[in-house]
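Keeping their order, the protein sequence lines are chains E and A.
Start counting the first sequence at 1; every next residue gets the next number (my numbering).
Start counting the second sequence at 272; every next residue gets the next number (my numbering).
Just so you know, even glycine gets a beta-carbon here, dropped at the ideal spot from N, CA and C.
What follows is a short report on a single structure.
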Amino acid sequence: MRRGSPPGIEIPGYPRPSHPGLPRTGLFAKPREGATVGSPGFQSRAAQVLVLALLTLLTVPAGADDLHGHIELLAKGGKGPARGSDVRQTVIYFEPASPRPVKPPEKPFEMVTRRKAFEPRQLVIPRGSRVRFPNEDPILHNVFSVSAPNQFDLGLYKGAPGKEKRFEKAGLVRVYCNVHHDMVSYILVLDTPFHTTPDASGEFALPGLPRGPGKLVVWHEQADPWTMDVELPQKGPLAVGLQIVRPLVPSHLDKTGKSYFRSRGDRYENR
Amino acid sequence: MALGTSFGRVCVLLVLGAALGVPAVAQETGETAANPGWTFQYNLEVRANYRDSEENRFPLPYAFELDQLPVGQTRGFEETVDAGSHFEFSNVALFATVGRGDLFTAHGKLDLIDLYDRNPTSTGQKVDIDEAWLRFGREPETATLAARSGVYLKLGKIPKFERQDDRHLQSYGLVSTAFNRFEETGAELGLHLGRHFYLKARAAAGNPVFLRDPNALAGDNGTPELRRLNPDPDLKSGVPILYNAHSTNFDLDGELETGAGVGWRLADEGGRNGLDLLAWENRRKLADTVRIHGTFYGGDLDILSAPPTRVGNATFAIRNDEKREVGGNVWLYLGGFSFFGQYVDQDLAGLPRTGVEGEVAWRFDLPLLWAVGGRQLFPSIAPSVRYSKLDNDFRNPPQTPSPSFSWDWEKIDAGLRLGLLTGLDLTLEYADNRFILATGAKRKNNEFLTTLAWRLR
C-alpha cells in the first residue's frame, strides 16, 4: 500500500461531480437470508435505502463530513481505460485515526458456490463476522484461503447450509477452491464502518465520516490498493485512477502450495 | 569428444541465459501455503484396455537351425507380439507418499500385472516396485518456479530427471521408450539457484541395454519357451528397438551411470504458464552382460552380440564399452495447452543413434452439466498428438537376429482423452508406427488402443 500518496490521480477531462450520489451504503447492514451487503438486489430496494440512510444519520457523529469522488479503472501503464474490469467491484473505505469498532452481526454472511463460481465475488464484512459457504453445485468444492492471518481450509463438501468461518482479524482474504483453479473471491474484513462502492460510472460517496485525520483506501481486486492519509473535512471531490495490473483469475497455487496444473493427477503421471 | 563439446556449449548458453534471463514474474498475491506437518497420501490406479494390433511379420536374415524354429518354418521372423483384438487389465498400481513439509518425502509405487512396463518380457516380474525413494528438501515441479534457492537429495529407485513426467496418452514415444522411460536405482542431487536456474546430478546403477517392441505391449523375447525344440510361443518377438530397460533389482554393483543436467525455467506463480529447458548428459561403461529377470538373453554388450552362424557374423560392429547420451528437453505450458519435446544423441559402444520427440496436447475444461456422486460428469477433454523419430546410424551385421535394431523408426500417436468423472477417464489413441527396412522399403506396425483408467485418491 502507498501511504501519504497525493490526493488522487487527476484524470484529464474528467468533470468534477457536482453532486455526489449515494451508490451504496458505507455502513455494515445486518446480513439476512438472500441478501448481503454489496449485493445489487439489496441496494435496489428503496425502502431499505431509506432505512439505511436513516441509520446513517443516527450513527453519524457530531461534525460529520462527506467524502465523494470518482474512480476510473485504467489499463496497465495508465494508457486509457481498462477493458473487462468492473468499477463497481471497487471498495472505498475510510479508517479514522481514532478507530470506530464495529459490532459484527450475529447471523453469518453468505458466499455461495454456484456454477463453479463464488457468489458474490466479494464481501465486505466487519472484523469478527462469520461467513457461511453453502455449496449449491452438485459437485464437491474445497473452499480455502492462505491469506494470513485469516487462513482456513473447509475441506471437500457439497450442499447447504455449508461450512462457515469466523474472521477475527482485519485484512484481505483471498478465497479459492482447491479443486477448481478459476474459482476466486475476496473477503475484505474491515475494522471500520465507513466503506462504499462506486456506481457504474465510478461515482462514490462516503457520508457521515468523522472529522479529523484518517486513512482512505481504494481497493480493487485487479489493482494495487491506493492509500491516502486524509484530514477531514476534505476540499472538493477526489479523482482516483487505478491501474489494472492483475487478471480476473490471479495466478495462485493450491492449498498445499503446488500448482493446479502440474498436480492435477488426471494425466498419466509418471510419479 | 564432439558430444562433450556441444554439451559444454549448451551449458554455457544456459548459464548465460539464466544470468541474463527474465526476472521472476511478480508474485501476484504474495501468499504461500502454510508449511504442512506430516502428510500421507495414497492412491490406487487400475487400467483396462481394448487393443487392436496389426499382424505383421518381417523375415530375419539370421540362419536359425531348424529346431530353433516352429515346425514347418524355415526362417525366423520378427512378429507382432500379440496381434488382433484383445481386452486386457493392463495394470493395477498402488501409490503411497508420506511427507513432512519440504523436509522429507517418501514415495513408493507398486505395480501389479503391468503389461506395458513389464520388463522385458511377459514372463518378467508381475509384481514390481516401480518406484521407491526418499527425498530430503524441496523439488520444484516441472515448469514452475522454485520458491527460493535450495537443494534436494533423492535416494532409491527414481525416475530419470529428463523423463516426461506427465503424458496425455497411454502409449510412449520412441525416444521415451529408447532412453528414459524407466526408473533407475541411485541418487539424484538437485540444486536450485534462485527461482529459475537449476542443476541436477545423479549416480545410478543404470538401466541395462536391452530390446523391446515400442508399441504398447512389451515384446516376449527370451521366454523359456524359446529354449524348447521347435518353439512356437503364443507371444511373439515383437519388432524391437534397443532401449534402456527397466532396472530389475536394487543392486549398485558394477559401473555406475553418472548424469548431469542444467536447466532454466520461467513460469507464473500458479504454474498455469510455464517453460522449462533442460540440457543433460549421461554416461557409463557397458557390462559384458547383465542378467535380466524373465529372459535368458543378457543385457548391455551381450544383446549386441549373437553367436556366429554357419554363414556369417551376427555381432554388431561395437568399438568400445562406453554408453553416452546427450540431450535437451523442453516443457511448455500455456493454460490448457502443453508441449513436451526432447532430443537425444546416443553413442552406444560406437553405434550412433539420435531421437527426437514432441507431444502437443490441449486440455479443455467442459461446463458443469451433470454430476455423479459429487463429481462432474465429463469434466474435460484433451486431444493430443505425439511425433517421435529414431535414427539408428549404424548397420546390422549380415546375420543379425534383430534387424529392426538398425531400422529408422517414425511414430505418430494421436489420441483423445475424455474425462468421464474426476478420477475416471477414457483415452482413445492410434499409433502409426513406421520404419524403413535396410532395403529402403517402408513398413508399418500400427496399433489402436483404448484405455479406461480409474484413480482412487
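Minimum Cβ-Cβ distance from residue i to chain A less than 8 Å
i: valine 146 (chain E); result: yes
i: serine 98 (chain E); result: no
i: proline 101 (chain E); result: no
i: lysine 350 (chain E); result: Given a span of 1 to 271 for chain E in the structure shown, any question on residue 350 (chain E) remains unanswerable.
i: proline 225 (chain E); result: no
i: isoleucine 244 (chain E); result: no
i: lysine 258 (chain E); result: yes
i: phenylalanine 152 (chain E); result: no
i: phenylalanine 94 (chain E); result: no
i: isoleucine 139 (chain E); result: yes
i: phenylalanine 167 (chain E); result: no
i: phenylalanine 118 (chain E); result: no
i: leucine 248 (chain E); result: no
i: leucine 188 (chain E); result: no
i: histidine 252 (chain E); result: yes
i: arginine 262 (chain E); result: yes
i: lysine 158 (chain E); result: yes
Own chain, CB closer than 6 Å to residue i, minus 5 neighbours either side, in chain order
i: serine 85 (chain E); result: Leu73, Gln222 and Ile244
i: glycine 631 (chain A); result: As written in the sequence, residue 631 (chain A) is valine, which differs from the glycine given in the question. Phe610 and Val656, listed in sequence order.
i: glycine 690 (chain A); result: Pro650, Ser651 and Asp696
i: leucine 383 (chain A); result: Val363 and Val398
i: alanine 472 (chain A); result: Leu460 and Ala531
Status (buried if at least 16 other CB within 10 Å, exposed otherwise) for residue i
i: glutamate 316 (chain A); result: buried
i: serine 675 (chain A); result: buried
i: leucine 172 (chain E); result: buried
i: serine 673 (chain A); result: buried
i: alanine 585 (chain A); result: buried
i: glutamate 402 (chain A); result: buried
i: asparagine 716 (chain A); result: buried
i: glutamine 344 (chain A); result: exposed
i: leucine 549 (chain A); result: buried
i: leucine 640 (chain A); result: exposed
i: tyrosine 272 (chain E); result: Any question about residue 272 (chain E) goes unanswered here, given that chain E covers just 1 to 271.
i: leucine 337 (chain A); result: exposed
i: alanine 97 (chain E); result: exposed
i: glycine 21 (chain E); result: No answer about glycine 21 (chain E) holds up, because its pLDDT of 35 lies below 50 and its placement is not dependable.
i: serine 420 (chain A); result: exposed
i: alanine 160 (chain E); result: exposed
Beta-carbon contacts of residue i that lie in its chain and below 8 Å, excluding the five residues immediately before and after
i: phenylalanine 261 (chain E); result: His181
i: proline 81 (chain E); result: Glu72, Leu73, Leu74 and Ala75
i: valine 422 (chain A); result: Gly408, Leu460, Gly461, Leu462 and His463
i: asparagine 327 (chain A); result: Glu350, Thr351, Ala354, Val510, Arg714, Lys715 and Asn716
i: threonine 268 (chain A); result: Any property of residue 268 (chain A) remains undetermined from this structure, which presents chain A solely from 272 to 728.
i: proline 247 (chain E); result: Gln222
CB contact below 8 Å: residue i versus chain E
i: threonine 413 (chain A); result: yes
i: tyrosine 321 (chain A); result: no
i: glutamate 681 (chain A); result: no
i: glutamate 540 (chain A); result: yes
i: glycine 645 (chain A); result: yes
i: arginine 590 (chain A); result: no
i: arginine 543 (chain A); result: yes
i: tyrosine 658 (chain A); result: no
i: glutamate 302 (chain A); result: yes
i: leucine 537 (chain A); result: no
i: isoleucine 531 (chain A); result: Sequence check: residue 531 (chain A) is alanine here, not isoleucine. Judged by the 8 Å Cβ criterion, alanine 531 (chain A) is not in contact with chain E.
i: alanine 403 (chain A); result: no
i: alanine 642 (chain A); result: yes
Bridge partners - residue i, DSSP secondary structure assignment
i: phenylalanine 635 (chain A); result: A:Ile652
i: aspartate 703 (chain A); result: A:Ile683
i: glutamine 243 (chain E); result: E:Leu74
i: proline 81 (chain E); result: E:Leu74
i: serine 185 (chain E); result: E:Val175
i: valine 740 (chain A); result: With chain A covering only 272 through 728, there is no way to say anything about residue 740 (chain A).
Proximal residues to residue i (C-beta, below 7 Å), its chain only, five neighbours per side dropped
i: phenylalanine 144 (chain E); result: Phe152, Asp153, Leu154, Tyr176, Asn178 and Lys255
i: phenylalanine 567 (chain A); result: Gly493 and Arg498
i: alanine 297 (chain A); result: Confidence in alanine 297 (chain A) is poor, its pLDDT being 33 and thus under 50, which makes the residue's placement too unreliable to answer from.
i: aspartate 334 (chain A); result: For clarity, residue 334 (chain A) is alanine in the given sequence; the question names aspartate instead. So the qualifying residues of the chain are Thr580, Arg581, Val582 and Gln670.
Contact with chain D by residue i, beta-carbon distance below 8 Å
i: alanine 475 (chain A); result: In summary, chain D is missing from the structure at hand, where the protein chains are E and A.
- request: For the region 321–367 of chain A, list the beta strand (DSSP E) runs that are entirely contained and at least 3 residues long, ordered along the chain.
  value: 328–330 and 348–350
Length-filtered (3 minimum) beta strand (DSSP E) runs lying within the region 77–133 of chain E: For the region 77–133 of chain E, whole beta strand (DSSP E) runs of length 3 or above, ordered along the chain, are 91–96, 112–114, 117–119 and 122–126.
Whole runs of the beta strand (DSSP E) within the region 373–433 of chain A, excluding any shorter than 3 residues: Counting only runs of 3 or more, we get 375–383, 398–407 and 421–429.
- request: Ignoring anything shorter than 4 residues or poking outside the region 583–609 of chain A, list the alpha helix (DSSP H) runs there in chain order.
  value: none
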